[in-house]
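Working notes, beginning with the structure itself.
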Amino acid sequence: MESKDTVLDAQAATDHHHGKHYTHLPQRSVLAVFVGLVIAMVAAALDQTIVSTALPTIVGDLGGVNQMLWVTTAYVLTATVVMPVYGKVGDLVGRKGLFIFALALFTVGSVVCALASNMGMLIAGRGIQGLGGGGLMILAQAIIADVVPARDRGKYMGVMGVAFVLPMLVGPLLGGLFTDHLSWHWAFWINVPLALVAAIAAVRFLPKPQHKESLASFDVWGTVFITGAVVALVLATSWGGVRYDWDSPQIIGLFIGVAAFSALFVLAERRAKTPLMPLSIFKNRTFVLSTLAGLFVMFALMASMTYLPTFFQIVHGMNATTAGYMEIPMSVVYLVSSLVSGFLVSRSGRYKKLMIVSFALVIAGLVAMTTITQDTSVVLIVGGFLVVLGFGMGLSFEILVLIVQNEFPASEVGTVTAATNFFREVGTTLGASVAGAIFTRGLASTLSEKLASFGGLEALGVEANSITPSIVHMLPGELQRAIGGAYTDALVPMFVAMVPLAIIGTVLMLLLKEKPLAKEQAHEAAGL
920 MESKDTVLDA QAATDHHHGK HYTHLPQRSV LAVFVGLVIA MVAAALDQTI
970 VSTALPTIVG DLGGVNQMLW VTTAYVLTAT VVMPVYGKVG DLVGRKGLFI
1020 FALALFTVGS VVCALASNMG MLIAGRGIQG LGGGGLMILA QAIIADVVPA
1070 RDRGKYMGVM GVAFVLPMLV GPLLGGLFTD HLSWHWAFWI NVPLALVAAI
1120 AAVRFLPKPQ HKESLASFDV WGTVFITGAV VALVLATSWG GVRYDWDSPQ
1170 IIGLFIGVAA FSALFVLAER RAKTPLMPLS IFKNRTFVLS TLAGLFVMFA
1220 LMASMTYLPT FFQIVHGMNA TTAGYMEIPM SVVYLVSSLV SGFLVSRSGR
1270 YKKLMIVSFA LVIAGLVAMT TITQDTSVVL IVGGFLVVLG FGMGLSFEIL
1320 VLIVQNEFPA SEVGTVTAAT NFFREVGTTL GASVAGAIFT RGLASTLSEK
1370 LASFGGLEAL GVEANSITPS IVHMLPGELQ RAIGGAYTDA LVPMFVAMVP
1420 LAIIGTVLML LLKEKPLAKE QAHEAAGL
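In structure tokens, the structure reads:
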């Protein structure tokens, strides 16, 4: 670890490039910064899935099965809408203070969730967590782009890909361990020490920004309009077919709102002095193709991870911890493929063929998941289907961000990284909300159908909104199997819906024009 004096020396080691400051950091300082960023990403990513195994118990305790999808959606929704804001503000005033601010917000949200005594408080806390977590994810990637050249960045991005997705994959295991051996509240308390360590690393090792610009020209209206569009989209996809019919005035009105806010956003960006998301980036073919592909990957990942632990608990009688163990094989292969892809791309400077292979594997994994029945072997699901899916996702996850960064100068890296991550999080949000809507609606109808001959749950003194794995396991064997069948029938349509998106992602990668990765480090306007 470097001393404070070393960091100050590094701050002073500035030069000029096209009239703008940039900062050189010693390799040991880069590694120290990197460790802090990885810890922050682990905390933010962990929170997207750590509740999945705890979710049946949480909503049962708080009486909110019908609000289950919002425990996940609230986090990814707020994380999504703030990503472009963090990216643009970081480019304007530097990223160190902003990174620490995001850590503070994330910690406050975690404490609110840990203390939650009702669903409203829990969902509010998840929203606050997202406001900080969205910043941690985008700023970590942007800071690495400030201090590492594109050609070498693949190695770092590979590790950061692991730091982001591996916690999402092992999160269910941790959530299960906490639920079974402590309490579900610890799924949120765990974030506090992680955030504290990351904050200490940031304060000590991140150099102060070498430039600051005024926030007076910040694109307020663009922020308002894009927030409105995302919120309307999430509400429409969450409520459609569940709370309201797809052709109801409420859902149609929300989709009209999406279109209206999007149009207003485009107008605002054309007039803004410093647009939140410059429209010029959409003229870059590589940006558009890579960003859309990343959106589809996140959609599939979030939909896959959110409800599988519930499936294992209800259908196969596992406790929360054991259901979490089911994610380990997918986690391991994801880790391997992400690291391998990072080093391969760094060595060769090429990436297109690897991306095509990645999406082909994702398609294979998703198609396999559509064949699941109540009697499908757990070994086949976990050791076969999910392994293929995880390996495919790991190959492309962080490399897609690197491809985008390689297309733009360093002064725009924060903005374009934020933009591509914004659309990834749109995919995450849609994955959670659409999958939740498909699952919730399907579960309601299949439960009614399969339990009709038993007189329904109410006849047994069980409320649908308070179903937990422990309650199901106390029921007679025939009834357990009927409920398990209902959960299985509700799960499969989610994977069916994802297959076309993975196919489109493959086509996008085929259309990608490969540009060799830059070897030099362009620290122009590095916003540390």
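With the working numbering, letter number 218 in the sequence shown gets 1137, and the count goes up by one each step, no holes. All residues carry an ideal CB built from backbone N, CA and C; glycine is no exception. Every value quoted in this text rests on a predicted model; they were computed, and no experiment measured them.
Look up F1327 in the DSSP assignment and give the residues it is bridged to.
-> None, per the DSSP bridge assignment.
Please report how far the alpha carbon of M1217 lies from the alpha carbon of M1224, in whole angstroms.
-> 11 Å
Go through the stretch 1257 to 1337 residue by residue and report every complete run of the alpha helix (DSSP H) that reaches 4 residues or more, in order.
-> 1271 to 1288, 1305 to 1315, 1318 to 1324
Under the three-state DSSP convention, the category G1013 falls into | coil
Inter-residue spacing [alpha-carbon to alpha-carbon] between V949 and A959 = 15 Å
Leaving out five residues before and five after S1181 in sequence, what residues of the same chain have Cβ atoms less than 6 Å from its Cβ?
-> A1148
Is T972 closer than 8 Å to A1242 when the C-beta atoms are compared?
-> yes
If you compare alpha carbons, which of F1097, S1036, V1008, F1278 is closest to G1054?
-> V1008
Segment limits, alpha helix (DSSP H) that includes F1201 = From DSSP, F1201 is part of no alpha helix (DSSP H); its letter is neither H nor E.
Beta-bridge partners of G1159, as assigned by DSSP = Y1163
Between which two residues does the alpha helix (DSSP H) harbouring F1184 extend?
-> 1168 to 1190
Can you grab the Cα-Cα spacing for the pair G1303 / D1408, in whole Å?
-> 20 Å
Rounded to whole angstroms, how far is the Cβ of F1278 from the Cβ of G1424, which I believe are closer than 8 Å?
-> 5 Å
Along the alpha helix (DSSP H) that carries A1035, what are the first and last residues, could you check?
-> Where A1035 is concerned, there is no enclosing alpha helix (DSSP H), given that its DSSP letter is neither H nor E.
Residue interval of the alpha helix (DSSP H) (run including M1417) = 1396 to 1430
Are there 16 or more other CB atoms within 10 angstroms of the CB of S1029, so buried, or fewer, so exposed?
-> buried
With 16 other CB atoms within 10 Å as the buried threshold, where does A1023 fall?
-> exposed
For T1193, the residue or residues it bridges with in DSSP | F1137
Would you kindly check if the distance between the Cβ of A993 and the Cβ of G916 is under 8 Å?
-> For the chain, the structure presents residues 920 to 1447; residue 916 sits outside this window and is missing.
Excluding the five sequence neighbours on either side, which residues of its own chain have a C-beta within less than 8 Å of the C-beta of V1418, listed in chain order?
-> I1282, L1285, V1286, T1289
Is it true that the CB of T1348 sits closer than 8 Å to the CB of V1153?
-> yes
From A929 to A1082, what distance separates their C-alpha atoms?
-> Because the pLDDT at A929 is just 38, under 50, the model does not fix this residue reliably, and the point stays unresolved.
Leaving out five residues on either side along the sequence, give the residues of the same chain with a beta carbon under 7 Å from the beta carbon of V1391.
-> I1233, Q1399, I1402
Starting from the C-beta of W1105, find all residues in its chain whose C-beta is less than 8 Å away, skip the five residues before and the five after it, and write them out in chain order.
-> A1033, F1097
Is there contact here, the stretch 1321 to 1341 with the stretch 1204 to 1213, by at least three beta-carbon pairs under 8 Å?
-> yes
Is the distance from the Cβ of S1257 to the Cβ of G1313 below 8 Å?
-> yes
Do L981 and F1215 have their C-beta atoms within less than 8 Å of each other?
-> no
DSSP three-state call for A1445: helix, strand or coil?
-> Below a pLDDT of 50, predicted positions are generally treated as unreliable, and A1445, at 40, falls in that range; the measurement from the model is reported next regardless. Coil.
Same chain only: Cβ atoms within 7 Å of N1037, ignoring 5 sequence neighbours per side = L981
Is H1104 helix, strand or coil by DSSP?
-> coil
Using a Cβ-Cβ cut-off of 7 Å (strictly less than) and excluding sequence neighbours within five positions of P1168, which residues of its own chain qualify?
-> none
Touch check for the stretch 962 to 976 and the stretch 1109 to 1118: three-plus C-beta pairs under 8 Å?
-> yes
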